[in-house]
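Novice:
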Amino acid sequence: MPETSRPAHPLSADEALRFTASRATETTFFFDFDGVLSPVTDDPDASQPVPSVLGVLEELASRVARVAIVSARPVSFLRSRFGSLEHVDLYGLYGLEVWHDGDVVTEPAALPWVPAMAELAERAKAELPQGVYVEYKRLSVALHYRTVPHLGGEVERWGHEQAERVGLRIQGGRMVVELKPPVDQDKGMVISDAVLGAGCAWYFGDDMSDIKAFDALRAREAVDPAFFGVAVAVANPETGAEVSSAADLTLDSPEDVARFLADALPVLAR
Ligand SMILES: [Mg+2]
Numbered sequence: 023m024p025e026t027s028r029p030a031h032p033l034s035a036d037e038a039l040r041f042t043a044s045r046a047t048e049t050t051f052f053f054d055f056d057g058v059l060s061p062v063t064d065d066p067d068a069s070q071p072v073p074s075v076l077g078v079l080e081e082l083a084s085r086v087a088r089v090a091i092v093s094a095r096p097v098s099f100l101r102s103r104f105g106s107l108e109h110v111d112l113y114g115l116y117g118l119e120v121w122h123d124g125d126v127v128t129e130p131a132a133l134p135w136v137p138a139m140a141e142l143a144e145r146a147k148a149e150l151p152q153g154v155y156v157e158y159k160r161l162s163v164a165l166h167y168r169t170v171p172h173l174g175g176e177v178e179r180w181g182h183e184q185a186e187r188v189g190l191r192i193q194g195g196r197m198v199v200e201l202k203p204p205v206d207q208d209k210g211m212v213i214s215d216a217v218l219g220a221g222c223a224w225y226f227g228d229d230m231s232d233i234k235a236f237d238a239l240r241a242r243e244a245v246d247p248a249f250f251g252v253a254v255a256v257a258n259p260e261t262g263a264e265v266s267s268a269a270d271l272t273l274d275s276p277e278d279v280a281r282f283l284a285d286a287l288p289v290l291a292r
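For what it's worth, this note's numbering labels the leading residue of the sequence shown as 23, then goes sequentially.
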């Protein structure tokens, strides 16, 4: 008999999976990329998904309503890593870009900011000390200090000054400060929109920006008693405690995410 009332939080992985199986056709699985599907690397351009996760995501997409990746990366980067997956949707730049029907759709309100972001990336390369990696993403600029953690304070200060000067927003993260256009879009808003009409959703994240997505699942549960949301943290030494304490479940690593999903597939069998 299908289970009708959703499990209470806190819950176990088994409970969450069994209930999800009872409504798999109305369930979406959302994943962040860095630190969730891929180990975090010193060089952001070098990061690759855990090899086994590609097949698992495609298989998962055949068993639930939808699988989507929601990342700070541009869609072009996500396509370079997941282009072979036909049934996985891609949200780039915190949802400012969406891959839809073979095209990248960009949030129109963000487009006028393209020249300012390009100028900012050039300025960052010229003014920040060596070792800081400037990642230019067309509609955002990320300043990574993973290989020079002692420069974190200086990079944060520079980023905040520039945000003030240009009129940009700041998104903090793991050894990174990111500057974005002042356009209302974040992972929480992506999830709020995407779960309208869904019966169940899971979100896997590891960083501060993912907590907004967890909150969006909670908010949906609060207004829709039939909706069931599961927030999964992926542990790490940088934001681990804060993200984990906001989640229902915690997995140890991207490899553990791949294993968890592989084990979940038989439970979600159609
Ligand atoms: Mg991440």
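Even glycine gets a Cβ: it sits at the ideal position worked out from N, Cα and C.
Does residue 23 come out as helix, strand or coil in the three-state DSSP assignment?
Specialist: Because residue 23 sits at a pLDDT of 44, beneath the cut-off of 50, its placement in the model cannot be relied upon, and the following sentence gives the value as read from the coordinates. Of the three classes helix, strand and coil, the one that applies to residue 23 here is coil, per DSSP.
Novice: Is it true that the CB of residue 69 sits closer than 8 Å to the CB of residue 54?
Specialist: No. Outside cutoff.
Novice: Helix, strand or coil for residue 285? Go by DSSP, reduced to three states.
Specialist: Three-state result, residue 285: helix.
Novice: Should the region 182-199 be regarded as contacting the region 73-86, the criterion being three or more beta carbon pairs within less than 8 Å?
Specialist: The answer is no - the region 73-86 does not touch the region 182-199, with fewer than three Cβ pairs under 8 Å.
Novice: If you count every other CB in all the chains shown that lies within 10 Å of the CB of residue 82, and 16 or more means buried, which is it?
Specialist: Residue 82 comes out buried.
Novice: Do you know whose CA, among 250, 255, 165 and 109, lies nearest residue 43's CA?
Specialist: It is 250.
Novice: Can you tell me which of 98, 169, 47 and 142 puts its alpha carbon nearest to the alpha carbon of residue 124?
Specialist: Checked all of 98, 169, 47 and 142; the closest Cα to residue 124 is 98.
Novice: How many angstroms separate the CA atom of residue 91 from the CA atom of residue 149?
Specialist: In a straight line, the C-alpha of residue 91 is about 33 Å away from that of residue 149.
Novice: Take the Cβ of residue 285 as the centre, count every other Cβ of all protein chains shown within 10 Å, and call the residue buried at 16 or more, exposed below.
Specialist: It is exposed - the Cβ of residue 285 has fewer than 16 other Cβ atoms within 10 Å.
Novice: Can you tell me whether residue 228 is buried or exposed? The criterion is at least 16 other CB atoms within 10 Å of its CB, across all chains shown.
Specialist: Counting Cβ neighbours within 10 Å, residue 228 comes out buried, since at least 16 surround it.
Novice: If residue 236 sits next to residue 269, beta carbons under 8 Å apart, how far is it from one beta carbon to the other, in whole angstroms?
Specialist: Residue 236 to residue 269, Cβ: 6 Å. Contact.
Novice: Compute every distance between the C-beta of residue 12 and the non-hydrogen atoms of ligand 1, then say whether any falls below 7 Å.
Specialist: The chain is shown only over 23 to 292; residue 12 falls outside these bounds and no answer can be derived.
Novice: State the beta-bridge partners of residue 191 as determined by DSSP.
Specialist: Note: residue 191 sits in a beta bridge opposite 202.
Novice: At the level of alpha carbons, what is the spacing between residue 178 and residue 159?
Specialist: Each residue's alpha carbon lies about 18 Å from the other.
Novice: Helix, strand or coil, according to DSSP, for residue 45 in the structure here?
Specialist: Correct three-state label for residue 45: coil.
Novice: Under 8 Å by Cβ, that's how I've got residue 109 and residue 89 pegged, so tell me the actual separation to the nearest angstrom.
Specialist: About 7 Å separates the two Cβ atoms, so the contact holds.
Novice: So, is residue 65 buried or exposed, given that buried needs 16 or more other C-beta atoms within 10 angstroms?
Specialist: Exposed, by the Cβ-count rule.
Novice: Determine the extent of the beta strand (DSSP E) in which residue 251 is found, giving its start and end residues.
Specialist: Its beta strand (DSSP E) spans residues 250-256.
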